[in-house]
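For the sequence shown, UniProt numbering begins at 1 and goes up steadily by one. The beta-carbon is built from N, C-alpha and C at its ideal position, and this holds for glycine as well. Please read all numbers here as calculations on a predicted model, not as lab measurements.
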Amino acid sequence: MDVTKHSAKDFPSQFNDENFTLVGRGSFGEVRVCRHESLGSVALKLFYITGDKEKIEKAKKEFEIEAKVLYRMNHPHIVKFLGVVSLFQMDGIVMEYMTGGNMESLIKSDKELPLHERLRLLQELASAIKHIHTHDKKKAFIHSDIKPQNILLSENLELKLADFGSVNIKESTGVGTSTLHIPHSTQHTWPYTAPEFLSNLSEKKTTAMDIYSYGIIIYELLTRIAAYSDALVPKDVAQCAIVAKCERPNLQQINQAENDIKQDQKQDLQIFKTLRSMMIRCWDQEPTLRPNITQVLETLSVPMDKLEEATSILGIKDKQKSPENKTPITSVTKSHKKLNKTKLAQKSEPAYQQHKPTPVSKTVPYVSKPYAYQQNNFFPVYKLYVVNKSINKKVKLVKADITTLKVDAIVSATNTSLIPGGGNHVDDAIHKVAGEGLLQACIKLSGCPVGEAKITPGFNLLAKHVIHTVGPVGMVRDKLQSAYIHCLKLVLDHGLKSIAFPCISTGMHAYPSSEAAKVALFIVREWLSEHHESIDRIIFCVYNDLDYVIYEELMKQYFPTKTEKGKFYSS
Numbered sequence: 001m002d003v004t005k006h007s008a009k010d011f012p013s014q015f016n017d018e019n020f021t022l023v024g025r026g027s028f029g030e031v032r033v034c035r036h037e038s039l040g041s042v043a044l045k046l047f048y049i050t051g052d053k054e055k056i057e058k059a060k061k062e063f064e065i066e067a068k069v070l071y072r073m074n075h076p077h078i079v080k081f082l083g084v085v086s087l088f089q090m091d092g093i094v095m096e097y098m099t100g101g102n103m104e105s106l107i108k109s110d111k112e113l114p115l116h117e118r119l120r121l122l123q124e125l126a127s128a129i130k131h132i133h134t135h136d137k138k139k140a141f142i143h144s145d146i147k148p149q150n151i152l153l154s155e156n157l158e159l160k161l162a163d164f165g166s167v168n169i170k171e172s173t174g175v176g177t178s179t180l181h182i183p184h185s186t187q188h189t190w191p192y193t194a195p196e197f198l199s200n201l202s203e204k205k206t207t208a209m210d211i212y213s214y215g216i217i218i219y220e221l222l223t224r225i226a227a228y229s230d231a232l233v234p235k236d237v238a239q240c241a242i243v244a245k246c247e248r249p250n251l252q253q254i255n256q257a258e259n260d261i262k263q264d265q266k267q268d269l270q271i272f273k274t275l276r277s278m279m280i281r282c283w284d285q286e287p288t289l290r291p292n293i294t295q296v297l298e299t300l301s302v303p304m305d306k307l308e309e310a311t312s313i314l315g316i317k318d319k320q321k322s323p324e325n326k327t328p329i330t331s332v333t334k335s336h337k338k339l340n341k342t343k344l345a346q347k348s349e350p351a352y353q354q355h356k357p358t359p360v361s362k363t364v365p366y367v368s369k370p371y372a373y374q375q376n377n378f379f380p381v382y383k384l385y386v387v388n389k390s391i392n393k394k395v396k397l398v399k400a401d402i403t404t405l406k407v408d409a410i411v412s413a414t415n416t417s418l419i420p421g422g423g424n425h426v427d428d429a430i431h432k433v434a435g436e437g438l439l440q441a442c443i444k445l446s447g448c449p450v451g452e453a454k455i456t457p458g459f460n461l462l463a464k465h466v467i468h469t470v471g472p473v474g475m476v477r478d479k480l481q482s483a484y485i486h487c488l489k490l491v492l493d494h495g496l497k498s499i500a501f502p503c504i505s506t507g508m509h510a511y512p513s514s515e516a517a518k519v520a521l522f523i524v525r526e527w528l529s530e531h532h533e534s535i536d537r538i539i540f541c542v543y544n545d546l547d548y549v550i551y552e553e554l555m556k557q558y559f560p561t562k563t564e565k566g567k568f569y570s571s
């Protein structure tokens, strides 16, 4: 490796915080800013070469890997590698010093950041990732740890990607052994880590994992909130939900950001929609469905080209050069920015913001109260409710096989044909126990539209009836709301006194479990506020531990047993 090796004499002779200013620390060692005799201010990444033999070997490997990779990377949006040095019994990598901090500090700051600036930052990041993935025709490098802390900024907000200590290489098919040998790295930061790797840390890294991380970065730039920072559950539960239940960062924050920019000029809204669409594509649960980085850049170049054309025609560029004429466009209002900072600083005292979700079908008038909801961190609730014992005693959470429940009706989450497709789905299990009579009854019903429900006898089941409902594929809230409401309408129409709901539209239908649970609990709570005297019991029947935890946490909010002080509640 033919790299510049600096002399220790080019650096300050005394190691202290004044000569070597600490700017970051990690498991590898430290990053400090210091003066170089000829280069001026530089960033020095120092690796700890102390401890037991295993720790020393690990530190040396990380140092060698990062030095080798950085030496190969020559790109305007990748931090510039200036060489290596050994001093004060530590090995160090010398890099250019970025005076603007990192993206994490930018996201948390009050700095005004127009959408076209966020787009530019994301383009620059994508450009850096593309160079990493494609600069070598024989193999693809994978960064493996793309996160805001590793995205550095200049005073003018020029972006440069850093920290290549956890890089991996994917060899192209049919290519001989690489001259650069890099062992598999399991280093990761969970909020930015793809679900396929969270589920198996020995899984080989792929470029699609970097794309997933990029999607999370888009989320944070659009909302100015760190992903999962508003979580109310432990990180191990959140990680399980990401892997098993397609959970993602709080989408209500995206909706809030969009509502804020609708007051802005049209072009900004188009940029927002483009970025939101790309975000969802990038964090797809299935790695093969995520775009590659070239496709990302091609998509993001369209709105930027249109913006540049528009600003050129209108003369906006010239005006923005003059401070006195500067009228920046922002997608985050001051009130929303204040809300974000409150959430980051005080998780235990979340701020609340009113929204208006999609209204439920007017043909089912069983929830007459406004569908307004309020934000409450990782599992946001629609409203804050007072304790209501007469309602609380009507609901129950169980982990069980729904076919074993002795109730007036169990709900079968099925498809539009009402004919089970065969497999391990809830409708398959119900038909297996109920017998041939249920299948024949379903055939006579001639199907059921998405968001509606139909009823049959229970046949060989312990339940007297089966209510068949069709939930949406994907996160379509109004259809899922409608499915629950139609089920409850049948309860009233047939004078039923007890019903058991499974998790509708989760699993193969890919509705995130916590979001689906929020819809279920909200509809039931609102319905019970008007009809609790008409029914004895509503059961939420889950089949695994993760769903049980999700419902258990949410039920504390929708069906509280005590009222917290200082908050406003709805009856």
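(Q) Quick check on the burial criterion: 16 or more other C-beta atoms within 10 angstroms. Buried or exposed for leucine 289? (A) exposed
Q: Check whether the Cβ atoms of alanine 43 and histidine 77 lie closer than 8 Å to each other.
A: no
Q: Assign asparagine 102 to one of three DSSP states: helix, strand, or coil.
A: strand
Q | Residues near leucine 521 in its chain [Cβ-Cβ closer than 6 Å; skip 5 each side] | A | Leu554, Tyr558
Q. Grouping DSSP H, G and I as helix and E and B as strand, with all else coil, what is lysine 9?
A. helix
Q) By DSSP, does proline 249 sit in helix, in strand, or in coil? A) coil
Q: Specify, as a first and last residue, the run of the alpha helix (DSSP H) that leucine 115 falls within.
A: 115 to 134
Q: Please state if the CB of proline 512 and the CB of cysteine 282 are separated by a distance shorter than 8 Å.
A: no
**Q.** Continuous alpha helix (DSSP H) assignments of at least 4 residues falling wholly in the region 265 to 296
**A.** 266 to 282
Q: Give the C-beta separation of alanine 434 and leucine 461 to the nearest angstrom, bearing in mind that I take them to be a contact with Cβ-Cβ under 8 Å.
A: 5 Å
Q. If you count every other CB in all the chains shown that lies within 10 Å of the CB of leucine 159, and 16 or more means buried, which is it?
A. buried
(Q) Between which residues of its own chain and glutamine 427 is the CB-CB distance below 6 Å, once the five residues before and five after are set aside? (A) Here residue 427 is aspartate; the residue named in the question, glutamine, does not match the sequence. Once the five neighbours on either side are set aside, the close Cβ partners of aspartate 427 are Ser412, Thr414, Pro420.
Q. What does a CB cutoff of less than 8 Å around histidine 184 pick up in its chain, not counting 5 residues either side in sequence?
A. At histidine 184 the pLDDT is 42, less than 50, meaning the model places this residue with poor confidence; the figure from the coordinates comes in the next sentence. Cβ neighbours of histidine 184 beyond the five flanking positions: Asn168, Ser202, Lys204, Lys205.
Q.
Considering just the uninterrupted stretch of the beta strand (DSSP E) at aspartate 91, what are its terminal residues?
A. 90 to 96
(Q) Is it the case that the region 391 to 405 contacts the region 534 to 541, given that we only count it when at least three CB pairs across the two stretches are under 8 Å? (A) yes
Q: Under 8 Å Cβ to Cβ from aspartate 210, same chain only, skipping five residues before and after it: list those, please.
A: Ile129, Ile132, His133, Ile142, His143, Ser144, Ile146, Ile293
**Q.** Integer-rounded CB distance, given that tyrosine 228 should sit under 8 Å from proline 191
**A.** Proline 191 to tyrosine 228, Cβ: 5 Å. Contact.
Q: Taking 8 Å as the cut-off, decide whether the C-beta atoms of aspartate 10 and serine 38 are in contact.
A: A Cβ-Cβ contact shorter than 8 Å links aspartate 10 with serine 38.
Q. Does any CB atom of chain C fall closer than 8 Å to the CB of phenylalanine 540?
A. The chain labelled as chain C is not found in the depicted structure, where only one protein chain is given.
Q) Secondary structure at lysine 406, three-state DSSP: helix, strand or coil? A) Looking at lysine 406 - three-state DSSP - the assignment turns out to be coil, as it is neither helix nor strand.
Q: Given a cut-off of 8 Å, decide if isoleucine 271 and histidine 116 are closer than it, judged by their beta-carbon atoms.
A: yes
(Q) According to DSSP, simplified to helix, strand and coil, what is leucine 528? (A) In this structure, DSSP gives leucine 528 a helical state, which the three-state scheme calls helix.
Q: Note down the Cα distance separating alanine 140 from proline 291, rounded to an integer number of angstroms.
A: 15 Å
Q. Roughly how many angstroms lie between the CA atoms of arginine 276 and serine 482, to the nearest whole one?
A. 26 Å
Q | Pairwise C-alpha distance: histidine 532 and leucine 445 | A | 30 Å
**Q.** Minimum C-alpha distance to cysteine 448 - residue among Leu251, Ser417, Glu530
**A.** Ser417
Q: Report yes if the C-beta of proline 457 is less than 7 Å from at least one heavy atom of the ligand GDP; otherwise report no.
A: The model depicted lacks the ligand GDP and carries no ligand whatsoever.
Q.
On the DSSP letters alone, give me the boundaries of the alpha helix (DSSP H) that valine 491 sits inside.
A. 477 to 493
Q) How about tyrosine 97 and valine 3: are their beta carbons less than 8 Å apart? A) no
Q.
The alpha helix (DSSP H) that contains threonine 223, what's its start and end?
A. Element bounds for threonine 223: 207 to 223.
Q) Which residues in the same chain have their Cβ closer than 6 Å to the Cβ of arginine 525, if we skip the five residues on either side of it in sequence? A) Correct list, in chain order: Tyr558.
Q) When you compare each of Leu546, Pro502, Val491, Lys562 to proline 234 by their alpha carbons, which one comes out closest? A) Leu546
Q: Starting from residue 601, follow the beta strand (DSSP E) in both directions and report where the run begins and ends.
A: An answer regarding residue 601 cannot be provided, because it is not within the stretch 1 to 571 covered by the chain.
**Q.** Where isoleucine 419 sits in the DSSP three-state scheme
**A.** coil
Q.
Which residue wins for smallest C-alpha separation from residue 575, given the options Ile225, Lys432, Ile402, Phe15?
A. Nothing about residue 575 can be read from this structure; the chain reaches only from 1 to 571.
Q. Is the Cβ-Cβ distance between leucine 439 and valine 466 less than 8 Å?
A. no
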